[in-house]
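Visitor:
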Amino acid sequence: METLGYLMDGFSVALAPHNLMFALLGAFLGTLIGALPGLGPANGVAILIPLAFSLGLEPETALIMLTSVYAGAMYGGRISSILLNIPGDEPAMMTCLDGYPMARRGKAAEALAVSAVASFIGSLVATVGLILLAPLLAKFALTFGPAEYFALFLLAFATLGGITGKNPVKTIVAACIGLMIATVGIDNTGVQRFTFGVLELYEGVDFIIAIVGLFAISELLFFIEARASGDTPGMTVNKLSLSFSDIKGIIPSSLRGGVLGFIAGVLPGAGASLGSFIGYTLEKRLVGRKGYFGEGDPRGVAGPEAGNNGASSGALVPMLTLGVPGSGTTAVLLALLISLNITPGPLMFTQNADIVWGVIAALLIGNFLLLLLNIPLVGIFVKLLSVPPKYLLPVVTMVAFVGIYSISNTTFDLYFMVAFGVGGYVLRKLEIPLVPVILGLLLGPEMEKNLRHALDVSNGDWTILWGSGLAISLWALAGLGIILPYIVGPLLRRRMRAVTS
Amino acid sequence: MPVTAKKSAFRGIGRKAPLVLMASAMLAVGSSGLMAFEPEGKVECIAPADPGGGWDFTCRSVGDVMETLDLVPRSVQTTNMAGAGGGVAYAHTVSKREGDDQTLVAASTATTTRLAQEQFPGMSADMVNWVGALGADYGVIAVADDSPYDDLPDLMDALRKDPRNVKFAGGSAKGGWDHLKVLIAAKAADVEKLPSIPYLSYNNGGEAMTQVVGGHVDAFTGDTSEARGFMESGDLRILAVLSEDRLPGEFSDIPTAREQGIDALGPNWRGFYMPAGISDDAREYWVDAMDTIYESDKWKDVMTQNGLMPFHMSAEEFDRFVHDQIDDIEQLSREIGLVK
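Residue numbers (the numbering used here), protein chains in the order written: chain B, -18 to 482; chain F, 766 to 1105.
(1) Going straight from the alpha carbon of S558/B to that of I232/B, what length do you get?
(2) Would you list, in sequence order, the uninterrupted alpha helix (DSSP H) runs of no fewer than 4 residues that lie entirely inside the region 932 to 1007 of chain F?
(3) Tell me, please, whether the CB atom of R993/F is closer than 9 Å to any CB atom in chain B?
(4) Return helix, strand or coil for I811/F, following the three-state DSSP convention.
(5) Straight-line CA distance for T170/B to M161/B?
(6) To which residues of the same chain is V956/F closer than 7 Å at the C-beta, ignoring the five residues directly before and after it?
(7) Exposed or buried, G819/F, counting other C-beta atoms within 10 Å across all chains shown (16 or more means buried)?
(8) The alpha helix (DSSP H) with D902/F in it runs from where to where?
(9) Any idea what DSSP makes of P1032/F, helix, strand or coil?
(10) Is the shortest distance between the beta-carbon of L437/B and the beta-carbons of chain F less than 9 Å?
(11) Does Q976/F pass the burial test, meaning 16 or more other C-beta atoms within 10 Å, or should it be called exposed?
(12) Name the one or two DSSP bridge partners that L869/F has.
(13) Which residue's Cα is closest to the Cα of D943/F: G980/F, A909/F, D821/F and D902/F?
(14) Tell me where the alpha helix (DSSP H) around Q1096/F begins and ends.
(15) Let me see if you follow: with CB-CB separation under 9 Å, is S320/B close to chain F or not?
(16) With DSSP run on the structure shown, which of helix, strand or coil describes Q1025/F?
(17) Determine contact between the region 982 to 1002 of chain F and the region 1080 to 1087 of chain F, defined as no fewer than three beta-carbon pairs at a distance below 8 Å.
(18) With distances taken from CA atoms, which of I259/B, L420/B, E429/B and L78/B is nearest L317/B?
(19) Counting only beta-carbon separations shorter than 9 Å, does K939/F have a partner in chain B?
(20) Count the other CB atoms within 10 Å of the CB of Q1096/F; is the residue buried (16 or more) or exposed (fewer)?
(21) How many angstroms separate the CA atom of S294/B from the CA atom of D866/F?
(22) Using only CA atoms, which one of P1040/F, T1057/F, Y1050/F and W1064/F lies nearest to C810/F?
(23) Tell me whether S510/B is buried or exposed, calling it buried when 16 or more other Cβ atoms sit within 10 Å of its Cβ.
(24) Give a yes or no on contact between the region 78 to 85 of chain B and the region 337 to 345 of chain B, applying the rule of three or more CB pairs nearer than 8 Å.
(25) Compute the beta-carbon to beta-carbon distance between N348/B and S104/B, rounded to the nearest angstrom, for a pair I have assumed lies under 8 Å.
(26) Rounded to whole angstroms, what's the CA-CA distance from S796/F to V1052/F? Just pull it up for me.
(27) Please decide whether Q1070/F counts as near chain B, where near means a Cβ-Cβ distance under 9 Å.
(28) Name the residue from M2/B, L93/B, F203/B and S62/B whose alpha carbon lies nearest to the alpha carbon of S49/B.
(29) Let me confirm a value: A875/F is counted as buried when at least 16 other C-beta atoms fall within 10 Å, else exposed. Which label applies?
(30) Give me the Cα-Cα distance between L1107/F and I1019/F, rounded to the nearest whole angstrom.
(31) Give the residues from the region 833 to 858 of chain F that approach chain B closer than 8 Å (Cβ to any Cβ), ordered along the chain.
(32) Do I413/B and A197/B have their beta-carbon atoms positioned less than 9 Å apart in this structure?
(33) Quick test of your reading: G1036/F and A898/F, contact by CB under 8 Å. State the CB separation rounded to the nearest angstrom.
(34) Could you check the C-alpha separation between T391/B and Q842/F for me, to the nearest Å?
(35) Between the C-alpha atoms of K1063/F and G1014/F, what's the straight-line distance to the nearest angstrom?
(36) Rank A814/F, E805/F, V830/F and D815/F by C-alpha distance to the C-alpha of Y1059/F and give the top, closest one.
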């Protein structure tokens, strides 16, 4: 199998000593950032992106480090879910259900270890799925003409509601803000738009600056506002006593959760919340009365954890093969790829095979490192987390500034980043989601370009946009993508709430 | 951004690049003797783009070679200064670096294209010192293997009948270098209504080629090094290379446009400029350095590994070439309505 060879190459990239070192660093820092209560993995990755730039890393190494940050941040989120009952993001809600009771029964270390093992199994399962599915999708590359690409990007926007949507109008407003920012710069016919003669604006707005500003800087502003002087809540962990049979007990749950999570992750817009939710409910239904769900059953931690990790690897499938992110964090990773001169989409598997498979391998290795890192070191993480934010914040701020400055060595970018930070703060205060802004910014130019190309090819005939079977199916999927989340989303959320309470 | 950042442009081509331009090589003789200028301390190379692109590669690889050849006292520091397709670095060099004789700035055909199209507002080619070019990637025009066009004149005939007959895909923006190569060839073949020739711009050559191979667009315009992969797999048929003579090695089967009766040249050169206001001695030192680098085996290895073809000019010859290229591009851009 050709893909196995590629994966092996990927492993040889990811296992190179310096890459492994940065993977370890990424996993460590990701865990730390992710464990800050209330901070999700998308924010975690956004905050640590500048680090890759300040260190001046090669593209592969930067990606490997940030994939490990991704894995680490998700894992770190579990620490606050389990110890404090504060989920870092929506998918982590399900982990609280049995994780927190376990911690209260003095089995916090076991709960953390179980979630590490389950995360690893979940992402292992999903990696296998990724290996099987991704090349199939990538083979499609040649059948995608400009019209099909246009429909594909439309699909990406249509599924936005599923990623973030509590309030459809706010999601649309956010996407429009992103699309508006995306029009700045020289367009692809050479005409300047909204550049006001400022040289720095000719190439448009740098995604990374926008992301770091919107996510990281606005997060800092929130921290300053909320608890600059406060202390983090106290956390304690017991000494770990996990036997092999305990691990064996959660393996079936983890496998099931991983498979389900992967399937949920591949569906555009469904994402990790669905993965962890069905991971949990399936376990509860299957094991049923034999378990003690809700009171600290390890399987109740393993199921959603594996589901969540499976889903986050699954979300990489549409992101890597089609350039359509399935979750907020994959949107951030997508921006990173673009900024590293790697164009995501069907072609990436042939043009940048080393990087794609390096990332896939890194995700697996990252999870393995987390397993190694967390079981013995969880006490240290917990101690580090009791460092008050007033010491942590200046460090994060410094990394953000140094990182952005080192991208292009102009102070202009720093002002820009701060402006985005303030903008992000305002948007969040208005409860306008940030991910659609980023997606508009990322995908807007591509969508416009493909529309222009399609009309160029057809000499101005609009019917080319739905002129092939593939284009029509994409339009149909986009239609479904718009409607479904508003039916399924609230239903899912209501059930999640019902289970939680 | 689209014109410059061609990552694929430097993906390995394993070929020896024999020396063609012997004349310029002669300049290198005796470059080592007594020198009134020697660089001291830090030598800087500004890459006007993010890490990973062509200009970044130019700075880093040439910096390496200069260090090996002891042309610089210690390692060359590469500074990335992205923005406006090189405009930010150009403006910086003009306004803040005057008289700085230890700074080189990477440049290529993308730089001259933007200067010609007045995309660096208020700046011209006379505001810097053009030191030399160290290699080039020549343009190609290619079609899918099952295309009805057999050679370049065949394709140009179709364009002469109706300029909308053949649609081109390339990795640069509209009016960028890949687009201009089509226009250069079409103009040489007496095609009328150049602005009507459809050109579709993609993020990079690879994407453009996939569209051509997939049958969505008729022809590909790009650089030799980009086309190599699809050429080897047999999916892409190169109709012509826009060089003076046939290229060495595996490309030697590809006919030039010239031998098919279409006098079109399209070298995407890689070279350097320096700030204005430096002393003649310093200028002479760096011009000689360019010649020494081009002669060295180490640089020949770099060229071979990265698909760079023979192309060398320095000092006045290069300055003249840059100005001529800018005039040509400006005229073409005017004809297609990009410059008013």
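By construction, the Cβ of each residue, glycine as well, lies at the ideal position given by its N, Cα and C atoms.
Guide: Taking the structure as given:
(1) Since the first and last residues shown for chain B are -18 and 482, residue 558/B lies out of range.
(2) DSSP runs (the alpha helix (DSSP H)) wholly in the region 932 to 1007 of chain F: 942 to 953, 970 to 978 and 989 to 997.
(3) Sequence index remark: in the second sequence, residue 993/F carries index 228 (1-based). At least 9 Å separates the CB of R993/F from every CB of chain B.
(4) What you label residue 811/F is simply residue 46 of the second sequence in a count that begins at 1. Residue state, collapsed to three classes: strand.
(5) Numbered from its first residue, the first sequence carries residue 170/B at position 189. Numbered from its first residue, the first sequence carries residue 161/B at position 180. Rounded to the nearest angstrom, the two C-alpha atoms are 18 Å apart.
(6) Here the question's residue 956/F lines up with position 191 in the second sequence. Same-chain partners within the cutoff: M921, L924, R925 and P928.
(7) The count along the second sequence starts at 1 and reaches residue 819/F at position 54. Around the beta carbon of G819/F, 16 or more other beta carbons sit within 10 angstroms, so the residue counts as buried.
(8) Along the second sequence, read from residue 1 onward, the residue named residue 902/F stands at position 137. Run containing D902/F: none in the alpha helix (DSSP H); it sits in the beta strand (DSSP E), V893 to A909.
(9) The sequence position of residue 1032/F within the second sequence is 267, counting from 1. Collapsing the DSSP output to three states places P1032/F in a strand.
(10) As a first step, residue 437/B must be located in the first sequence, where it is residue number 456. Correcting the residue identity first, residue 437/B is Asp in this sequence and not Leu. Interface residue, yes.
(11) Numbered from its first residue, the second sequence carries residue 976/F at position 211. By the neighbour-count rule (16 or more Cβ atoms within 10 Å), Q976/F is buried.
(12) The count along the second sequence starts at 1 and reaches residue 869/F at position 104. DSSP output for L869/F lists C810/F as bridge partner(s).
(13) In the second sequence, counting from the first residue as 1, residue 943/F sits at position 178. It is D902/F whose Cα lies nearest to the Cα of D943/F.
(14) Counting from one through the second sequence, the residue named residue 1096/F turns up at place 331. In the DSSP assignment, Q1096/F falls within the unbroken alpha helix (DSSP H) covering A1080 to E1100.
(15) Stepping through the first sequence from its first residue, residue 320/B is reached at position 339. S320/B counts as touching chain F.
(16) Numbered from 1 along the second sequence, position 260 holds the residue referred to as residue 1025/F. In the structure shown, Q1025/F sits in a helix (DSSP, three-state: H, G or I).
(17) Verdict: no, contact absent.
(18) Working through the first sequence from its first residue, we reach residue 317/B at position 336. If we check each option's Cα against that of L317/B, L420/B comes out closest.
(19) On the second sequence, position 174 is the one that residue 939/F refers to. Output row for K939/F: interface = yes.
(20) As a working mapping, residue 1096/F is identified with position 331 in the second sequence. Q1096/F should be labelled exposed.
(21) If you number the first sequence from 1, residue 294/B lands on position 313. If you number the second sequence from 1, residue 866/F lands on position 101. Counting only the Cα atoms, D866/F lies some 52 Å from S294/B.
(22) Translated into positions along the second sequence, residue 810/F becomes position 45. Among P1040/F, T1057/F, Y1050/F and W1064/F, the Cα nearest to that of C810/F is on P1040/F.
(23) The question about residue 510/B has no answer here: the residues shown for chain B are numbered -18 through 482.
(24) Counting C-beta pairs closer than 8 Å gives fewer than three between the region 78 to 85 of chain B and the region 337 to 345 of chain B, which falls short of the contact rule.
(25) Here the question's residue 348/B lines up with position 367 in the first sequence. Here the question's residue 104/B lines up with position 123 in the first sequence. Indeed they touch by this definition, with Cβ atoms about 5 Å apart.
(26) Within the second sequence, the letter at position 31 stands for residue 796/F. Within the second sequence, the letter at position 287 stands for residue 1052/F. Legend: pLDDT at S796/F = 45, less than 50; position of this residue unreliable, value from coordinates given subsequently. Rounded to whole angstroms, S796/F and V1052/F show a C-alpha spacing of 9 Å.
(27) Sequence index remark: in the second sequence, residue 1070/F carries index 305 (1-based). Not an interface residue.
(28) Along the first sequence, one-based indexing puts residue 49/B at 68. Out of M2/B, L93/B, F203/B and S62/B, the CA that lies nearest to the CA of S49/B is found in M2/B.
(29) Here the question's residue 875/F lines up with position 110 in the second sequence. Looking at its Cβ environment, which holds 16 or more other Cβ atoms inside 10 Å, A875/F is buried.
(30) As displayed, chain F neither begins before 766 nor continues past 1105, which places residue 1107/F out of reach and without an answer.
(31) The region 833 to 858 of chain F vs chain B, Cβ under 8 Å: T844, N845, M846, A847, G848, A849, G850, G852, V853 and A856.
(32) Numbered from its first residue, the first sequence carries residue 197/B at position 216. Numbered from its first residue, the first sequence carries residue 413/B at position 432. Taking 9 Å as the Cβ cut-off, A197/B and I413/B do not qualify as a contacting pair.
(33) As a first step, residue 1036/F must be located in the second sequence, where it is residue number 271. As a first step, residue 898/F must be located in the second sequence, where it is residue number 133. Right, their Cβ atoms sit about 3 Å apart.
(34) Counting from 1 along the first sequence, the entry for residue 391/B is found at position 410. Counting from 1 along the second sequence, the entry for residue 842/F is found at position 77. If you draw a straight line from the Cα of T391/B to the Cα of Q842/F, it comes to about 17 Å.
(35) Start at 1 with the first residue of the second sequence, and residue 1063/F comes out as number 298. Start at 1 with the first residue of the second sequence, and residue 1014/F comes out as number 249. One Cα belongs to K1063/F, the other to G1014/F, and the distance between them is close to 19 Å.
(36) Here residue 1059/F refers to the residue found at position 294 when the second sequence is read from its first residue. Checked all of A814/F, E805/F, V830/F and D815/F; the closest Cα to Y1059/F is V830/F.
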